[in-house]
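For reference, the structure is listed below as structure tokens.
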Amino acid sequence: MPPVPAAQRRAQIAAVFDSVADEYDNVGVAWFRPIAERLVREIGAAPGERAVDLGCGRGAALFALAAAVGPAGRVTGIDLAPRMVEATRAGVRARGLPNVEVHVMDAGAPRLAKAAYDLAVASFVLFLMPAPVTVLRAWRELLVPGGRLGVSTFTGREGWLDEVFRPYLPPPVFTSGAAGAEDPFDTDEGVEGLFAAAGYHGIRTASADLDVVFADVDQWYAWSLSHGQRAVWDRIPAADRDRVRDAAARRLERSRTADGRIRLTQRIRFTLGHRAGAGSIDCTG
Ligand SMILES: C[S@@+](CC[C@H](N)C(=O)[O-])C[C@H]1O[C@@H](n2cnc3c(N)ncnc32)[C@H](O)[C@@H]1O
11 MPPVPAAQRR AQIAAVFDSV ADEYDNVGVA WFRPIAERLV REIGAAPGER
61 AVDLGCGRGA ALFALAAAVG PAGRVTGIDL APRMVEATRA GVRARGLPNV
111 EVHVMDAGAP RLAKAAYDLA VASFVLFLMP APVTVLRAWR ELLVPGGRLG
161 VSTFTGREGW LDEVFRPYLP PPVFTSGAAG AEDPFDTDEG VEGLFAAAGY
211 HGIRTASADL DVVFADVDQW YAWSLSHGQR AVWDRIPAAD RDRVRDAAAR
261 RLERSRTADG RIRLTQRIRF TLGHRAGAGS IDCTG
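Written as structure tokens, this is what we have:
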């Protein structure tokens, strides 16, 4: 399949996330928020720091960063999807956070001040980028010398219900464009290699197992429609949807626990690195 042109890919991604902006992370299942909170802890955001959240969505990391840097710090969020940004801005206003701002902007080429941030995070965003090393270089430029970057990605990204959905997985949304045997997002070393190629130092990986618990199949279905997986449902012809949903429900039965709920465990990867500090030589592009 020929690669989708970059502008078209961005428009598709923005449209998917705009379509889920109201329900995103809001269907009673703890998912994006605990992951982003862990990322913010891993990166060690501290009071007074200036932070940027790249692909901030509904603010899972943004609000955790705001709490960590406190009123003396600053947080900037950027996202491609205008409705996500609008909803997150409303959240910023409701929480009364004058030191937090959110903009519609392409994180692939951020129009932000260079060398102006102590830290940057991107939770579940990097694998949506067609040229991750180029993007990681652009993010490094945003950091002060010694500034830190942390990203979260899935391990075994198609592990859940993969046999049910594989025929419908849309390449522009769920893969980096480098899919296949050499997809860097398949392994910790692969993602660390992207960081190394982009000139980061002190690269390390942490991981966490997140239990995601659903009251029943209906809640799982509502959840799967509330984030990027919506793009997969939208690709399934209407005539096939009930069949796919039934197949997913049968597969989910394997994960039903004694209390009748459905418990899935997903391993999350956190990759961290920093820009060379003042006085050291930054020898990569
Ligand atoms: C899976 S969501 C993660 C959102 C948030 N970081 C979280 O953890 O909940 C991916 C987000 O990245 C945004 N995104 C994807 N590509 C982007 C790009 N090139 N520039 C800015 N945002 C982008 C999407 O609009 C979406 O809000």
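Residues 11 to 295 (this note's numbering) are what the sequence shown spells out, left to right. Beta carbons: idealized from backbone N, C-alpha and C, even for Gly.
Whole-Å CB distance - residue i paired with residue j, under 8 angstroms assumed
i, j, result
"Ser-217", "Phe-280", "7 angstroms"
"Ser-162", "Ile-45", "6 angstroms"
"Val-131", "Asp-35", "Rounded, the Cβ-Cβ distance is 16 angstroms, inconsistent with contact."
"Val-223", "Arg-271", "5 angstroms"
"Val-158", "Leu-129", "Note on identity: in this sequence residue 158 is Arg, with Val being the wrong assignment. Contact holds; Cβ gap of about 5 angstroms."
"Ala-119", "Ala-91", "No, Ala-119 and Ala-91 are not in contact; Cβ-Cβ is about 16 angstroms, not under 8 angstroms."
"Val-195", "Ser-133", "What sits at residue 195 in the sequence shown is Phe, not Val. At roughly 14 angstroms, the Cβ-Cβ gap does not stay under 8 angstroms, so Phe-195 and Ser-133 are not in contact."
"Thr-98", "Gly-69", "4 angstroms"
Ligand 1 heavy atom lying under 6 angstroms from the CB of residue i
i, result
"Gly-238", "yes"
"Leu-90", "yes"
"Ser-133", "yes"
"Pro-49", "According to the sequence provided, residue 49 is Leu. The question's Pro does not apply to it. Flag unset: Cβ of Leu-49 not near ligand 1."
"Thr-248", "Reading off the sequence, residue 248 comes out as Ala, not Thr. No, since every heavy atom of ligand 1 falls outside the 6 angstroms radius drawn around the Cβ of Ala-248."
"Ala-278", "Ala is not the amino acid found at residue 278; the sequence shown has Ile there. It does not: the Cβ of Ile-278 is nowhere closer than 6 angstroms to a heavy atom of ligand 1."
"Asp-116", "yes"
"Ile-53", "no"
"Gly-87", "no"
"Ala-216", "no"
"Leu-138", "yes"
"Phe-42", "yes"
"Gly-67", "yes"
"Ile-272", "no"
Residue nearest to residue i in terms of C-alpha spacing, selected from the options
i, options, result
"Ala-207", "Pro-142, Glu-173 and Val-154", "Pro-142"
"Gln-18", "Ala-40, Leu-282, Met-139 and Thr-98", "Met-139"
"Ser-265", "Ala-225, Asp-250 and Ile-278", "Ala-225"
"Asp-116", "Ala-126, Gly-101, Ala-125 and Val-95", "Val-95"
"Glu-59", "Val-26, Thr-197, Ala-76 and Arg-105", "Ala-76"
"Thr-267", "Asp-32, Asp-221, Gly-38 and Gly-238", "Asp-221"
"Ala-78", "Glu-52, Leu-90, Arg-93 and Ala-91", "Glu-52"
"Tyr-178", "Asp-250, Thr-165, Gly-200 and Leu-152", "Asp-250"
"Leu-153", "Ile-23, Ala-21, Gln-276 and His-211", "His-211"
"Ala-126", "Glu-192, Thr-86 and Leu-282", "Thr-86"
"Ala-257", "Glu-192, Val-227, Trp-243 and Val-174", "Val-174"
Collapsed DSSP secondary structure at residue i in the structure displayed
i, result
"Leu-274", "strand"
"Val-183", "Confidence in Val-183 is poor, its pLDDT being 41 and thus under 50, which makes the residue's placement too unreliable to answer from."
"Ile-23", "helix"
"Ala-189", "For Ala-189, the predicted structure reports a pLDDT of 45, less than 50, and the residue's modelled location is therefore unreliable. A value from the coordinates is still provided. Correct three-state label for Ala-189: coil."
"Arg-99", "helix"
"Ile-213", "strand"
"Thr-294", "Model confidence at Thr-294 stands at a pLDDT of 48, short of 50, so the residue's coordinates are unreliable; what they give is reported in the following sentence. Reduced to three states, the DSSP call for Thr-294 is coil."
"Arg-84", "strand"
"Ala-218", "strand"
"Glu-168", "Because Glu-168 carries a pLDDT of 47, less than 50, the predicted location of this residue cannot be relied on, and no value is offered for it."
"Ala-119", "coil"
Residues bridged to residue i (per DSSP)
i, result
"Tyr-127", "Leu-153"
"Ile-45", "The partner list for Ile-45 (beta bridge, DSSP) is empty, contrary to what the question assumes."
"Val-114", "Asp-89"
"Gly-160", "Val-131 and Leu-282"
"Leu-138", "The partner list for Leu-138 (beta bridge, DSSP) is empty, contrary to what the question assumes."
"Asp-226", "Paired residues: none, contrary to the question."
"Leu-64", "Ile-88"
"Arg-266", "Ile-272"
Minimum Cβ-Cβ distance from residue i to chain E less than 7 angstroms
i, result
"Ala-17", "Absent here is chain E; the protein component of the structure consists of one chain."
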